[in-house]
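**Student:** One structure, as structure tokens, below. Some questions next.
Residue numbers (the working numbering): 2 to 161.
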């Protein structure tokens, strides 16, 4: 399977020299499917949402699986208008990030990508997240993921 973003992310992880584990499983696309197909604890799952900023860069936002991103908080964080932040379509994500919907991860070596991880994930030690393919899950210490992805840590989810 040719998924360039996965290959790039694997090289990024291998180059960092930190421990991680790759888990292969049946592909899934939605949060609901995930619960049926993977054996990982749901509270340790880091879901990644991909957003494009009009005529500019991409944002990979890592949040807890049941949470929802607050677009206003995201816009304020990156100093852009709320109306200029849009969720990427599957085609846009494949073309711009080289990743598959259902497998998007909070990693990228591409220059036009910024990563932010919600502060509510900080108490976690190990997290499970996408890595570019729908049939692969990455297991890694959150502190290592933050360092490798050069992620900002901020409050980006909807309250309540």
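By construction, the Cβ of each residue, glycine as well, lies at the ideal position given by its N, Cα and C atoms.
1. So, with DSSP's three-state summary, where would you put residue 53?
2. Using three-state DSSP, classify residue 38 as helix, strand or coil.
3. To which residues does DSSP link residue 25 through a beta bridge?
4. Nearest to residue 103 by alpha carbon, out of 129, 29, 74?
5. Among 77, 156, 137, which residue has its Cα nearest to the Cα of residue 122?
6. With distances taken between CB atoms, is the gap from residue 45 to residue 127 smaller than 8 Å?
7. Apply the 10 Å Cβ neighbour rule to residue 43 and answer buried if 16 or more other Cβ atoms are within range, or exposed otherwise.
**Tutor:** The relevant details are as follows:
1. Reading the chain shown from its first residue, position 52 is the one you call residue 53. Here residue 53 sits in strand by DSSP.
2. As a first step, residue 38 must be located in the chain shown, where it is residue number 37. Of the three classes helix, strand and coil, the one that applies to residue 38 here is helix, per DSSP.
3. Position 24 of the chain shown, counted from the start, is the residue given in the question as residue 25. DSSP lists 137 as partners of residue 25.
4. For the purposes of this step, residue 103 is identified with residue 102 of the chain shown, where counting begins at 1. Closest option to residue 103, Cα to Cα, is 29.
5. Taking the chain shown and counting its residues from 1, one reaches residue 122 at position 121. Checking every option, the nearest Cα to that of residue 122 belongs to 156.
6. Here the question's residue 45 lines up with position 44 in the chain shown. Here the question's residue 127 lines up with position 126 in the chain shown. Yes, the pair counts as a contact, with Cβ atoms nearer than the cut-off.
7. For the purposes of this step, residue 43 is identified with residue 42 of the chain shown, where counting begins at 1. Answer is exposed; the Cβ neighbour count stays below 16.
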